[in-house]
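Right, one structure below, let's go through it.
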Amino acid sequence: MSDFYDTIIIGAGPAGLTAAIYTARNEKSALVLESAGIGGQISLSPLVENYPGFEKISGSELSDKLYEQALALGVTIAIEEASRIEVNPDGTKSVYSEADQVKRTCRKLIIATGQKHRKLGLDKEEKLIGRGISYCAVCDGPFFKNKTVAVVGGGSSALQSAKLLSGLCQKVYLIHRRDEFRGEQKLANELKQIPNIEFILKSTVEQIEGDSALTGVILTNTDTKEKRTIALDGLFIYIGHIPNNDICKGLVDMDDYGYIIAAEDGRTNIDGIYAAGDCRTKAVRQLTTATADGTVCALAE
Ligand code: NAP
1 MSDFYDTIII GAGPAGLTAA IYTARNEKSA LVLESAGIGG QISLSPLVEN
51 YPGFEKISGS ELSDKLYEQA LALGVTIAIE EASRIEVNPD GTKSVYSEAD
101 QVKRTCRKLI IATGQKHRKL GLDKEEKLIG RGISYCAVCD GPFFKNKTVA
151 VVGGGSSALQ SAKLLSGLCQ KVYLIHRRDE FRGEQKLANE LKQIPNIEFI
201 LKSTVEQIEG DSALTGVILT NTDTKEKRTI ALDGLFIYIG HIPNNDICKG
251 LVDMDDYGYI IAAEDGRTNI DGIYAAGDCR TKAVRQLTTA TADGTVCALA
301 E
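In this note's numbering, the protein residues as written are 1 to 301.
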C-alpha cells in the first residue's frame, strides 16, 4: 500500500465518503481512515426521509451504498484510528494511525470526523450502558421488545427513535426539557397520535436508578420543581452531540464548542487542511449539508 495520497480523509461518514468519491472521480488518490463504523451517525438512523432522491432509506443502507460507491472508484478505506497529524516543512501533511505506528502523507487533508453522543453526565450513566442505557435505538431497541422505555431529548434523533421504539416496546416515554421540539414538527405531531407514546415535557432526568441494571429514573419538572419517579427497562439518551475533534486540538482554529472553524469551501486556517460535515462550524448539520461539504472540500484548490 502506498504511503502517499493526494488526499487523506479522516472519517467515513457521508461527508468523508462524498469527499472520497469526488476526489477519486477527479483522478486523485484518496485514503479514508475510519475508527468506528462506516457511515458515521447516519448509519444509526432508522429511517432517512429527507435525502433527495430517496423517499425512504435506512441510514445503514445509505451508508453501505456510499461505501460501495467509494470502493468501486478505487478509494482506499482503512479501519484505523487516526492518532496524530503533522504539518511537514514542505506543506504536506502526515497522518499517523494505530497509536502512531502507521504513517501516511498527503497533499490535502480533509477532516470529516463528525460528532459523538452527548451524555447526561449523571451517576450510574456509564455503569449502566448496555444494562438498560443506550444511545442507539436501532442497535438496542430489539432488546426491549414489549418493555417500557424512555427516550430523552427533543431533536430529530430523539423523535425518530421514539417512533421506532413505539413499534417494539409496550410503552415509550418521551422526556424533553422544554415543551417545544428542536426536531421536525411534522414528526412530533405524528408521535402525538401514537397511543403507546407518552410525552413528559418540561422535565429533566435528575437521577438514574438501578444497581446491576436500570430500574427507572427520577425526573424534575422544570416549572414546578416537582419530582416524579418512573419505572423503566430502558433509557435511550438522545441529547445532541460533541464534535470528534480531539485530534485537531492545537492544530486548527476551533470555536468555543470545539467545532473546526472553516470557510465556505471548507478551508481551515492551515493551508491544505479542510473540514467537512458535522465537525465544522455551520448553521445546519444535516446529511445533505454534510455531503455538500464533502464535495466542496474535495474540489477546493
Ligand atoms: P439536536 O438537534 O442537537 O437535539 C438535542 C436535543 O437534546 C435538544 O432537544 C436539546 O434540548 C436536548 N438536550 C441537550 N442537552 C441536554 C441535556 N443536558 N439534558 C436534556 N436535554 C438536552 O440533536 P440530534 O437530535 O441528535 O440531531 C443532530 C443533528 O442531526 C440535527 O441537525 C438533526 O436535524 C440531524 N438529524 C437528521 C436526521 C435525518 O433523518 N436527516 C435524523 C436525526 C438527526 P433543547 O431543544 O432544549 O436545546
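Just so it is clear, CB atoms sit at the ideal spot from N, CA and C, and this is done for glycine as well. From a predicted model like this one, the values you see are computed outputs, not experimental measurements.
Check	Outcome
Tell me which same chain residues have a C-beta within less than 6 Å of the C-beta of Tyr366, skipping the five on either side of it?	Because residue 366 is not part of the residues shown, which for the chain are 1 to 301, the question remains open.
For His117, which beta-bridge partners are listed by DSSP?	His241
Using the three-state DSSP reduction, which class does Gly234 fall into: helix, strand or coil?	strand
Straight-line CA distance for Pro195 to Glu184?	19 Å
Under a three-way DSSP split, which group does Pro195 fall into?	coil
Taking the runs of the beta strand (DSSP E) that are 3 residues or longer, which of them lie wholly in the stretch 63-132?	76-78, 82-87, 93-97, 102-111 and 115-117
Quick check: the Cα distance between Gly13 and Thr148, rounded to an integer number of angstroms?	32 Å
I'd like to know whether the C-beta atoms of Tyr67 and Gly91 end up nearer to each other than 9 Å.	no
Considering only residues of the same chain and omitting the five flanking positions on each side of Ser35, which have a CB-CB separation below 8 Å?	Ile79, Glu80, Glu81 and Ala82
I need the straight-line Cα distance from Val217 to Ala70, nearest angstrom please.	44 Å
Given 8 Å as the limit, tell me if Val217 has its C-beta closer than that to any heavy atom belonging to the ligand NAP.	no
CA-CA distance, Glu113 and Ala262?	First, the residue type needs correcting, since residue 113 is Thr and not Glu in the sequence shown. Using only the alpha carbons, I get a separation of about 14 Å.
Note down, in chain order, each residue of its chain lying with its Cβ closer than 8 Å to the Cβ of Leu219, except the 5 sequence neighbours on either side.	Ile175, Ile200, Ser203, Thr204, Val205, Glu206, Lys227, Arg228, Thr229 and Ile230
Mind the definition here: the stretch 244-260 touches the stretch 149-160 only if three or more C-beta pairs lie below 8 Å; say whether that holds.	no
Can the beta-carbon of Ile110 be found less than 9 Å from the beta-carbon of Ala24?	no
Please identify the residue among Ile8, Gln193, Tyr22 and Ser166 whose C-alpha is closest to the C-alpha of Gly294.	Tyr22
If contacts are defined as beta-carbon pairs under 8 Å, then Ile242 and Arg118 qualify, I think. What distance do you get, rounded to the angstrom?	6 Å
Determine the direct distance from the alpha carbon of Arg285 to that of Ser134, and round the result to whole angstroms.	23 Å
Three-state secondary structure (DSSP) at Tyr22?	helix
So the alpha helix (DSSP H) Leu159 belongs to, where does it begin and stop?	Ser156 to Ser166
With Leu316 as the anchor, note down where its alpha helix (DSSP H) starts and where it stops.	Absent from the structure is residue 316, since the part of the chain shown begins at 1 and ends at 301.
Starting from the C-beta of Met1, find all residues in its chain whose C-beta is less than 8 Å away, skip the five residues before and the five after it, and write them out in chain order.	In this prediction, Met1 has a pLDDT of 47, which is less than 50 and means its spatial position is unreliable; nothing more can be read from the coordinates.
Note the first and the last residue of the continuous beta strand (DSSP E) segment covering Ala137.	It is not in any beta strand (DSSP E) - Ala137 instead sits in the alpha helix (DSSP H) that spans Ala137 to Asp140.
Between Leu31, Leu47, Val172 and Asp3, which has its C-alpha nearest Ile9's C-alpha?	Leu31
Since Gln207 is in the beta strand (DSSP E), which residue starts that stretch and which ends it?	Ser203 to Glu209
Go ahead and label Ala188 buried or exposed: buried means 16 or more other beta carbons lie within 10 angstroms of its beta carbon, across all protein chains shown.	buried
Hey, out of Gly132, Gln101 and Glu190, whose CA is closest to Ala213's CA?	Gly132
Should Leu287 and Ile208 be called a contact, given that it needs their Cβ atoms to be closer than 9 Å?	no
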